[in-house]
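Engineer: For the protein sequence lines, the chains are A and B, in the order given. Take any residue in the first sequence, count from 1 to its spot, add 6: that is its number in our numbering. Take any residue in the second sequence, count from 1 to its spot, add 17: that is its number in our numbering. Can you keep this structure in mind? I'll have questions shortly.
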Amino acid sequence: MNNEANCTACQSLGTPEQEAQLHAVIEESKSTPGCLMHILQEAQAIYGYLPIQVQKTIAEGLGKSLSDVYGVATFYSQFSLTPKGKHRVSVCLGTACYVKGSDKILEEVEKQLGIKCGECTADGLFSIDSCRCVGACGLAPVMMIGEEVYGKLTPDKVKGILDSYREEQK
Amino acid sequence: MTIQELDAIRARKKELIDVRRLVKEQAEVLAKNTAYRKQVLVCGGTGCTSSHSKQVLEHLEKTLEEEGIGDVLVVKTGCFGLCTLGPIMIVYPEGAFYAQMTPEHVETVVRRHLIPGGEIVKELLYQGTVMDDGSIIPFAETPFYKKQMRIALRNCGVIAAEDIEEAIGAGDYQALEKVLSSMTPDEVINEVLESGLRGRGGAGFPTGRKWMFAKASAGDVKYVCCNADEGDPGAFMDRSVLEGDPHCVLEAMTIAGYAIGAHQGYIYVRAEYPIAVQRLKIAIGQAREHGLLGKNILGLGFDFDIDIRLGAGAFVCGEETALMTSIEGNRGEPRPRPPFPAVKGLFEKPTILNNVETWANINPIIMKGAKWYSSIGTERSKGTKVFALGGKITNVGLVEVPMGTTLREIIEEIGGGIPNGKAFKAAQTGGPSGGCLPASELDTQIDFDNLVAKGSMMGSGGLIVLDEDDCMVDISKFYLEFTADESCGKCTPCRIGTKRLLQLLTKITEGKGTPEDLEKIQELAEHMKASSLCALGQSAPNPVLSTLHHFRKEYEDHIYNHHCEAGVCKALLNFTIDKEKCIGCGMCAKNCPASAITRTDYVAPGHKLASFEIDSAKCVKCGVCQSNCKFKAVERK
Numbered sequence: 007m008n009n010e011a012n013c014t015a016c017q018s019l020g021t022p023e024q025e026a027q028l029h030a031v032i033e034e035s036k037s038t039p040g041c042l043m044h045i046l047q048e049a050q051a052i053y054g055y056l057p058i059q060v061q062k063t064i065a066e067g068l069g070k071s072l073s074d075v076y077g078v079a080t081f082y083s084q085f086s087l088t089p090k091g092k093h094r095v096s097v098c099l100g101t102a103c104y105v106k107g108s109d110k111i112l113e114e115v116e117k118q119l120g121i122k123c124g125e126c127t128a129d130g131l132f133s134i135d136s137c138r139c140v141g142a143c144g145l146a147p148v149m150m151i152g153e154e155v156y157g158k159l160t161p162d163k164v165k166g167i168l169d170s171y172r173e174e175q176k
Numbered sequence: 018m019t020i021q022e023l024d025a026i027r028a029r030k031k032e033l034i035d036v037r038r039l040v041k042e043q044a045e046v047l048a049k050n051t052a053y054r055k056q057v058l059v060c061g062g063t064g065c066t067s068s069h070s071k072q073v074l075e076h077l078e079k080t081l082e083e084e085g086i087g088d089v090l091v092v093k094t095g096c097f098g099l100c101t102l103g104p105i106m107i108v109y110p111e112g113a114f115y116a117q118m119t120p121e122h123v124e125t126v127v128r129r130h131l132i133p134g135g136e137i138v139k140e141l142l143y144q145g146t147v148m149d150d151g152s153i154i155p156f157a158e159t160p161f162y163k164k165q166m167r168i169a170l171r172n173c174g175v176i177a178a179e180d181i182e183e184a185i186g187a188g189d190y191q192a193l194e195k196v197l198s199s200m201t202p203d204e205v206i207n208e209v210l211e212s213g214l215r216g217r218g219g220a221g222f223p224t225g226r227k228w229m230f231a232k233a234s235a236g237d238v239k240y241v242c243c244n245a246d247e248g249d250p251g252a253f254m255d256r257s258v259l260e261g262d263p264h265c266v267l268e269a270m271t272i273a274g275y276a277i278g279a280h281q282g283y284i285y286v287r288a289e290y291p292i293a294v295q296r297l298k299i300a301i302g303q304a305r306e307h308g309l310l311g312k313n314i315l316g317l318g319f320d321f322d323i324d325i326r327l328g329a330g331a332f333v334c335g336e337e338t339a340l341m342t343s344i345e346g347n348r349g350e351p352r353p354r355p356p357f358p359a360v361k362g363l364f365e366k367p368t369i370l371n372n373v374e375t376w377a378n379i380n381p382i383i384m385k386g387a388k389w390y391s392s393i394g395t396e397r398s399k400g401t402k403v404f405a406l407g408g409k410i411t412n413v414g415l416v417e418v419p420m421g422t423t424l425r426e427i428i429e430e431i432g433g434g435i436p437n438g439k440a441f442k443a444a445q446t447g448g449p450s451g452g453c454l455p456a457s458e459l460d461t462q463i464d465f466d467n468l469v470a471k472g473s474m475m476g477s478g479g480l481i482v483l484d485e486d487d488c489m490v491d492i493s494k495f496y497l498e499f500t501a502d503e504s505c506g507k508c509t510p511c512r513i514g515t516k517r518l519l520q521l522l523t524k525i526t527e528g529k530g531t532p533e534d535l536e537k538i539q540e541l542a543e544h545m546k547a548s549s550l551c552a553l554g555q556s557a558p559n560p561v562l563s564t565l566h567h568f569r570k571e572y573e574d575h576i577y578n579h580h581c582e583a584g585v586c587k588a589l590l591n592f593t594i595d596k597e598k599c600i601g602c603g604m605c606a607k608n609c610p611a612s613a614i615t616r617t618d619y620v621a622p623g624h625k626l627a628s629f630e631i632d633s634a635k636c637v638k639c640g641v642c643q644s645n646c647k648f649k650a651v652e653r654k
């Protein structure tokens, strides 16, 4: 709980623009049946993740309890309750990639970034996730960084790819 | 739009599209009637987009402009199927199939082939189309395409996926026109029933019966849903249909709406498929503009509209009741059946749910008739099935074959066999709900019932090929990790059963298994099958049971000999250096991440430097030493 109290993002709704966007999404969708998932998806697009205060605001806007909203937000793997890196690395662990050694790709990414799958680097530049099939099985094993797909990977290619994002930062 | 306007678009576009379907000689004659001397199709599916087909497309358009070539039509299509060779580009009317294109290759093709009087650039073609004597065969004659029969994929890789006029020209909405203008709802349902079409999502329930039940349910509000939440990792059939021919799904859902008396449809699609979602949105917008969705469709008095709902990454939402719960905006947990969705489904109203591939079969059934459709396939499984071929196979990609084709034909002929000279070990069908079939079952004719009888299942169409380097215990552990992770937690047999199965399998892969564990697995699996609430839990033990049945020796090898033949299970591996072969170059030690390799004082006869050895206590079994040794001195046991 201490962490939460110290975290400004948990108490505020971000910038005024973000807050206005969130309220607009809630207003626009709240009369549509089954709109909660859509609103959470939009909210995540605005904030990058779903801080508890955002979930509270959505719950109030829809006249639902926080536990309802939290229940949905934690059920689906797409939703994240913690911030993600600027570059989101997602290594495919679907079957086609797995049998072509994607577990070794994930190990290498973890080694290169010094964090585990599901974590974010201290400088906020990278986060790692695993995913189940992006559908580019012809290029297995693959990983995505943001929207970009990298295929036919081997562990020795990983460093160069990550470095290109670090360069871009400089 | 009226029927006459629809027919006019079709007439205007038909010849252009037929050029892409006919054999070379006929296509060349027909091409003269169109405004384009040549047509270049570039694949814009996810596979080719990932291998940068967008740059290829942009470069193609730019180079054509630079060369002042204005009579060549460039078309961005969906998937051609042969994803390994992407980006793919096909030139009509000659049907030249260019593979693994780069911007430089594009320039060569434009300057040598697409210019007036140009000739095919043989060295850039898919080499499967070039014979030993230098002659070129149509790609439809290559082993990959020859045995295929494209019904669901009829327009994929043929039309521009973001252009409704191309879709209409290719025959989309013709069945809707026929249904609304000349068939009663009962006649539609009868046609689908008699075609013998069974649901392509996995379970194989007769589609016509589903529709019949929903029509019989009382109520003025009903729903039609499309399951595009393709969760089986390694399967991408539905995605390819949505990317290549989204209108065929919209059309079929509208037909079903007419048949059961529904006016609203929902497509539940994975958010992980950005291209498919985008094309669906474009398609729905265009269909509304053209009066093919919305009020008074084609002026024939029927109202129907479709909305998209994005999934958020939950495998269980592929189960029909869970999917509906998710569309309602809740946690996607399944509900007990009965009541079945046809009676009480989405928002508690009668609902039918079919998957994308099922919908893709509706237009041909209406247009060509139930009799034609039921003449294809086996006695109890009619039509074709699309498979996503993946894993250890030469031609990774998308194939559509008549039901009854054998696994051997798919893997050895269409798929081109196992690469790198390795031996086939197993074919996995049905994903986390299916099983593995060994070499002795390769002549099994694929249909719904045969696969179930062999301990696997059709599933949605993922077909992963495994070779001698894959450990079957590890593969079942992989699937159990998946189902344990994806179990929604609502019912105990699945929530706890998957975890316990996973623990037992982990134990075996770590060399700590006992013979009793195999009995426990068997017993637990039977309980889960019998008592789980939905198909996820009921089928989760299948990967274990089928491998235990066909590959029991591998399990026993792990348990009794602490040995993993495939060399996958790390805890059972041992790396050693053959002192006689080691020349002492030190590449292994230099690359070892754990500093586990040191020099000995032994110099083998004929070598100048002392050999190295591995400290097994420090070794993390990553195998880097082995892959760096050029002298094959590192052994894995």
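Idealized CB from N, CA, C, for every residue including glycine.
Please go through the same chain and pick out, in chain order, the residues whose beta-carbon is closer than 8 Å to the beta-carbon of B/F629, but skip the five residues on each side of it.
Structural biologist: Within the same chain, B/F629 has close Cβ partners I594, C599, G601, G603, C605, A606, I614, T615, R616 and T617.
Engineer: Under a Cβ-count criterion, where at least 16 other Cβ atoms within 10 Å of its own Cβ denotes burial, should B/I206 be classed as buried or exposed?
Structural biologist: B/I206 comes out buried.
Engineer: Does A/L68 have its Cβ less than 7 Å from a Cβ in chain D?
Structural biologist: Looking at the structure shown, chain D is missing, and the protein chains on hand are A and B.
Engineer: Could you check the C-alpha separation between B/C265 and B/E84 for me, to the nearest Å?
Structural biologist: In a straight line, the C-alpha of B/C265 is about 37 Å away from that of B/E84.
Engineer: Can you check the stretch 290 to 326 of chain B for any beta strand (DSSP E) of at least 3 residues that lies completely inside it and give the ranges in chain order?
Structural biologist: With a minimum length of 3 residues, the continuous beta strand (DSSP E) runs that stay inside the stretch 290 to 326 of chain B are 311 to 314.
Engineer: Shortest alpha-carbon distance to A/P57 belongs to which of A/G67, A/L87, A/K36 and A/G40?
Structural biologist: Here the closest residue by C-alpha is A/L87.
Engineer: Helix, strand or coil for B/E417? Go by DSSP, reduced to three states.
Structural biologist: The answer is strand: DSSP assigns B/E417 an E or B state.
Engineer: Which bits of chain A does B/L327 rub up against, with CB to CB less than 8 Å?
Structural biologist: Simply M43, H44 and Q47.
Engineer: Quick one: is B/P155 near chain A, going by C-beta distance under 7 Å?
Structural biologist: No, its Cβ sits nowhere closer than 7 Å to a Cβ of chain A.
Engineer: Keeping to the same chain, check which residues put their C-beta closer than 6 Å to that of A/K62; ignore five residues upstream and five downstream.
Structural biologist: Taken in chain order, the residues that qualify are L72.
Engineer: Only counting runs of 3 or more residues, tell me where the beta strand (DSSP E) segments fall wholly within the stretch 343 to 373 of chain B, in order along the chain.
Structural biologist: 368 to 372, all fully within the stretch 343 to 373 of chain B.
Engineer: Indicate whether at least one CB of chain B lies closer than 7 Å to the CB of A/T101.
Structural biologist: Cβ-Cβ to chain B under 7 Å: yes for A/T101.
Engineer: Measuring CB to CB, does B/T19 end up less than 7 Å from B/G311?
Structural biologist: Taking 7 Å as the Cβ cut-off, B/T19 and B/G311 do not qualify as a contacting pair.
Engineer: Spell out the partners DSSP gives B/T593 in its beta bridges.
Structural biologist: Beta-bridge pairing links B/T593 to B/E652.
Engineer: Using 10 angstroms around the beta-carbon of B/S392, count the other beta-carbons present and answer buried if the total reaches 16, otherwise exposed.
Structural biologist: The residue in question, B/S392, is exposed, as its Cβ has fewer than 16 Cβ neighbours within 10 Å.
Engineer: In chain A, what lies closer than 7 Å to B/R512 by C-beta?
Structural biologist: Those within 7 Å of B/R512 in chain A number zero; the least Cβ separation is about 14 Å.
Engineer: Grouping DSSP H, G and I as helix and E and B as strand, with all else coil, what is B/P558?
Structural biologist: If DSSP states are grouped into helix, strand and coil, B/P558 belongs with coil.
Engineer: Tell me which same chain residues have a C-beta within less than 6 Å of the C-beta of A/G100, skipping the five on either side of it?
Structural biologist: Taken in chain order, the residues that qualify are R138 and C139.
Engineer: Determine the chain A residues that contact B/P353 at a beta-carbon separation under 7 Å, and present them in chain order.
Structural biologist: Those within 7 Å of B/P353 in chain A number zero; the least Cβ separation is about 19 Å.
Engineer: Can you give me the start and stop residues for the beta strand (DSSP E) that A/D135 sits inside?
Structural biologist: Looking at the DSSP string, the run of the beta strand (DSSP E) that includes A/D135 is F132 to C137.
Engineer: Report yes if the C-beta distance between B/C242 and B/Y290 is below 7 Å; otherwise report no.
Structural biologist: No, they are not a contact pair.
Engineer: Can you list, in chain order, the residues of its chain with a C-beta nearer than 7 Å to that of A/A11? Leave out the 5 residues immediately preceding and following it.
Structural biologist: Legend: pLDDT at A/A11 = 42, less than 50; position of this residue unreliable, no value from coordinates given.
Engineer: Using 10 angstroms around the beta-carbon of B/W389, count the other beta-carbons present and answer buried if the total reaches 16, otherwise exposed.
Structural biologist: Looking at its Cβ environment, which holds fewer than 16 other Cβ atoms inside 10 Å, B/W389 is exposed.
Engineer: May I ask you to report which of helix, strand or coil DSSP gives A/E125?
Structural biologist: Three-state result, A/E125: coil.
Engineer: Cβ of B/R217 less than 7 Å from any chain A Cβ?
Structural biologist: Not closer than 7 Å to any Cβ of chain A, the Cβ of B/R217 fails to qualify, so no.
Engineer: Determine the DSSP secondary structure at B/S68, reduced to helix, strand or coil.
Structural biologist: B/S68: coil per DSSP, three-state reduction.
Engineer: What residue range is occupied by the uninterrupted alpha helix (DSSP H) comprising B/Q117?
Structural biologist: Per DSSP, B/Q117 belongs to no alpha helix (DSSP H) and is neither H nor E.
Engineer: Across the stretch 463 to 472 of chain B and the stretch 542 to 553 of chain B, are there enough close Cβ pairs to call them in contact, namely three or more that are closer than 8 Å?
Structural biologist: With the cut-off at 8 Å, the stretch 463 to 472 of chain B and the stretch 542 to 553 of chain B do not touch.
Engineer: Please tell me whether B/G221 and B/F568 are closer than 7 Å, where the distance is taken between their beta carbons.
Structural biologist: For B/G221 and B/F568, no; Cβs fall outside 7 Å.
Engineer: Would you identify the three-state DSSP class for B/C243, choosing helix, strand or coil?
Structural biologist: Strand at B/C243.
Engineer: Please name the residue in B/P133, B/M166, B/Q117 and B/G134 whose C-alpha comes closest to that of B/Q144.
Structural biologist: The option with the nearest alpha carbon to B/Q144 is B/Q117.
Engineer: What did DSSP end up calling B/F97 once you bin it into helix, strand or coil?
Structural biologist: The answer is coil: DSSP assigns B/F97 none of H, G, I, E or B.
Engineer: Any beta carbon of chain A sitting closer than 7 Å to that of B/S67?
Structural biologist: It does; some Cβ of chain A falls within 7 Å.
Engineer: Mapping DSSP to helix, strand and coil, what is B/P381?
Structural biologist: Here B/P381 sits in helix by DSSP.
Engineer: Suppose you measure from the CA of A/T14 to the CA of B/A245; what does that come to, to the nearest Å?
Structural biologist: Interpretation of A/T14 is limited by its pLDDT of 48, a score under 50 that renders its predicted location unreliable; the figure taken from the coordinates is listed afterwards. Between A/T14 and B/A245, the C-alpha separation is close to 39 Å.
Engineer: Can you tell which of B/P133, B/K507, B/Q56 and B/L81 has its C-alpha closest to the C-alpha of B/E111?
Structural biologist: Here the closest residue by C-alpha is B/Q56.
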